[in-house]
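As structure tokens, the structure follows; a few thoughts come after it.
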Amino acid sequence: MKNLLVTLADLPAFEEVIDVRTPLEYADDHIPGAINAPVLSNEERVIVGTLYKQDPFAATKLGAGLVAKNLGIHLATTFKDRPKNWRPLIYCWRGGKRSGSMTTWFNLIGWKARQLAGGYKAYRGQVLQQLEALPAALRFIVLAGHTGCGKTRLLHALAQNGAQTLDLEGLAKHRGSVLGSFPAASQPSQKSFDSQLIRQLSLFDHTRPVFVEAESKRVGKIHLPASLMLAIRAADCILLQASFTDRIRFLCDDYASLFDDPASFKIKLSRLVEMHGKVVLAHWNELIDQGQKAELFSELISLHYDPAYKRSSQGNYLRLSDARPLVIDPSGDLSACAKQLIVDLAA
Numbered sequence: 001m002k003n004l005l006v007t008l009a010d011l012p013a014f015e016e017v018i019d020v021r022t023p024l025e026y027a028d029d030h031i032p033g034a035i036n037a038p039v040l041s042n043e044e045r046v047i048v049g050t051l052y053k054q055d056p057f058a059a060t061k062l063g064a065g066l067v068a069k070n071l072g073i074h075l076a077t078t079f080k081d082r083p084k085n086w087r088p089l090i091y092c093w094r095g096g097k098r099s100g101s102m103t104t105w106f107n108l109i110g111w112k113a114r115q116l117a118g119g120y121k122a123y124r125g126q127v128l129q130q131l132e133a134l135p136a137a138l139r140f141i142v143l144a145g146h147t148g149c150g151k152t153r154l155l156h157a158l159a160q161n162g163a164q165t166l167d168l169e170g171l172a173k174h175r176g177s178v179l180g181s182f183p184a185a186s187q188p189s190q191k192s193f194d195s196q197l198i199r200q201l202s203l204f205d206h207t208r209p210v211f212v213e214a215e216s217k218r219v220g221k222i223h224l225p226a227s228l229m230l231a232i233r234a235a236d237c238i239l240l241q242a243s244f245t246d247r248i249r250f251l252c253d254d255y256a257s258l259f260d261d262p263a264s265f266k267i268k269l270s271r272l273v274e275m276h277g278k279v280v281l282a283h284w285n286e287l288i289d290q291g292q293k294a295e296l297f298s299e300l301i302s303l304h305y306d307p308a309y310k311r312s313s314q315g316n317y318l319r320l321s322d323a324r325p326l327v328i329d330p331s332g333d334l335s336a337c338a339k340q341l342i343v344d345l346a347a
């Protein structure tokens, strides 16, 4: 099989990339663009793995039969219309028997299939290496400011007007705070987030700045790479400012969906009980029941978000004290503001 092995450097030469791992492994993370054609199902892999601990030979024989069965199904369905000169790249976890089996059979059929040496494990190793190197090569501009001042909205306006932006909350599917989970969307796995992040970082032009929001090292359950945190915490900052009234109005609109599910809203806030006490939490729960949005967000800003920002921001972002101030209405049209910011930073 050595002559059928290729490396990640050969990836562009192939028309299609096939991940033969289980659907669960594929969902956790995969090479971008790869399709999933598992040679063992989730359940079958568990059965074979359990048996292998007791009788390796019996497990290998059982696994071979299951792989043959599933290969037959894929040939009759997923790959039935592939042309004679088709050239796929196939991988599994470590470039072992699962991908080797499909690669061998595809070549016997006449396709020019190749197996990825090291499998997904080699790809994951490359991702971790790139996570160490790429952030340091980019010039970040950090959008800092209190909760409710429109950092995400300005970031999106910058992107719409041609600026390079890194939307970490969008990639992580979380807004970074205790109330930050996206409605009807779960967060990706850490590995999947890392893959999406590398894909984004590799597209940036190193001669132009990259705008990014100020973030803590965790966005929901996702951990941001230490190399990225070092790069953005040492970057130049723009300090967004908005009136208290404008911030309240913005949060009432931006987090309005939380009031559609009061029980879930209260569960989220319950994580703050150790910090603020049961009496305060009970009061906030009453405001939720009464639909008092402005009152609740006013107290959350005053008692929780602003004190937390004061504790963490100055120590985390080295150039925040020299930041350029920018007063905006977070609920307004930020396109003109974004355009001017792009022009100013290009000058």
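Be aware that the sequence shown starts at 1, since it is given in UniProt numbering, and climbs by one per residue.
Glycine included, C-beta positions come from ideal geometry on N, C-alpha and C.
It should be emphasised that the depicted structure is a prediction, and the values quoted were computed from it without experimental measurement.
{"query": "Same chain, Cβ closer than 8 Å to W93, neighbours up to 5 away in sequence not counted", "result": "R21, E25, G119, Y120, K121"}
{"query": "V280 in three-state terms, based on DSSP", "result": "helix"}
{"query": "Simplified DSSP state of S302, which is helix, strand or coil", "result": "helix"}
{"query": "Buried versus exposed call for E286 [16 or more other C-beta atoms within 10 Å across all chains shown]", "result": "exposed"}
{"query": "Distance CB(P325)-CB(D246) smaller than 8 Å", "result": "no"}
{"query": "Under 8 Å between C-beta atoms of A214 and P135", "result": "no"}
{"query": "Spatial neighbours of R208 in its chain, beta-carbon cut-off 7 Å, leaving aside the 5 residues before and after", "result": "Q164"}
{"query": "Extent of the continuous alpha helix (DSSP H) to which A226 belongs", "result": "226 to 233"}
{"query": "DSSP-derived helix/strand/coil call for S335", "result": "helix"}
{"query": "Cα-Cα separation, T147 to I301", "result": "7 Å"}
{"query": "Reduced DSSP category for E213 - H, G, I as helix; E, B as strand; rest coil", "result": "strand"}
{"query": "Environment of A338 [buried if 16+ CB atoms lie within 10 Å]", "result": "buried"}
{"query": "Cβ-Cβ distance between I222 and F193 below 8 Å", "result": "yes"}
{"query": "Beta-carbon gap between I198 and V273 smaller than 8 Å", "result": "no"}
{"query": "Three-state secondary structure (DSSP) of Y120", "result": "helix"}
{"query": "Segment contact, 8 Å Cβ cut-off, at least three pairs: the segment 9 to 16 with the segment 61 to 69", "result": "no"}
{"query": "C-beta contact flag for I18 and A34 at 8 Å", "result": "yes"}
{"query": "Beta-carbon proximity of L40 to R124, cut-off 8 Å", "result": "no"}
{"query": "Where the beta strand (DSSP E) through Y91 begins and ends", "result": "88 to 91"}
{"query": "Reference T7; option with closest CA among N107, K310, A117, I109", "result": "A117"}
{"query": "Proximity winner among Y91, K61, F106, S101, relative to F79 (alpha-carbon distances)", "result": "F106"}
{"query": "Neighbourhood of R139 by C-beta distance below 6 Å, restricted to the same chain and skipping five residues each side", "result": "P209"}
{"query": "8 Å Cβ cutoff met for L71 and L62", "result": "no"}
{"query": "Complete runs of the beta strand (DSSP E) confined to the UniProt domain \"Rhodanese\" (17 to 132) [at least 3 residues]", "result": "88 to 91, 114 to 116"}
{"query": "Per-residue burial, G291 [other beta carbons within 10 Å of its own, 16 or more giving buried]", "result": "exposed"}
{"query": "Classification of D10 by the beta-carbon crowding that lies within 10 angstroms, buried from 16 upward", "result": "exposed"}
{"query": "Exposure of K293, with buried meaning 16 or more beta-carbon neighbours within 10 Å", "result": "buried"}
{"query": "For G150 and I328, believed in contact at Cβ under 8 Å, the rounded distance", "result": "6 Å"}
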